[in-house]
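In my numbering, the protein residues as written are 258 to 328.
Following: one structure in structure tokens, then a few remarks.
This is the structure we're talking about:
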């Protein structure tokens, strides 16, 4: 039985600040936004957001099939 469930808090901020501006970990960005050593600020925020959405959908499916009370 799952004891604790957590959600993503502001996934758009995590994607933009982590992969576009490089302010949050993993601190990726490209020269357009800051002087970072790694990253692609044009693509990586969308890839990160896409993967967060996919993981959220997978967890919703697990919850609905295994834990939600149907009545």
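Backbone N, C-alpha and C fix where the C-beta goes; we use that ideal spot for every residue, glycine too.
Alpha carbon to alpha carbon, what distance is there between residue j and residue i?
i: residue 282; j: residue 275; result: 5 Å
i: residue 270; j: residue 287; result: 17 Å
i: residue 323; j: residue 261; result: 15 Å
i: residue 279; j: residue 272; result: 10 Å
i: residue 328; j: residue 320; result: 15 Å
i: residue 299; j: residue 316; result: 28 Å
i: residue 314; j: residue 308; result: 10 Å
i: residue 266; j: residue 296; result: 23 Å
Please say whether residue j and residue i have beta carbons closer to each other than 9 Å?
i: residue 310; j: residue 268; result: yes
With a cut-off of 9 Å, does the C-beta of residue i fall near any C-beta of chain C?
i: residue 294; result: Absent from the structure is chain C; it holds one protein chain and no more.
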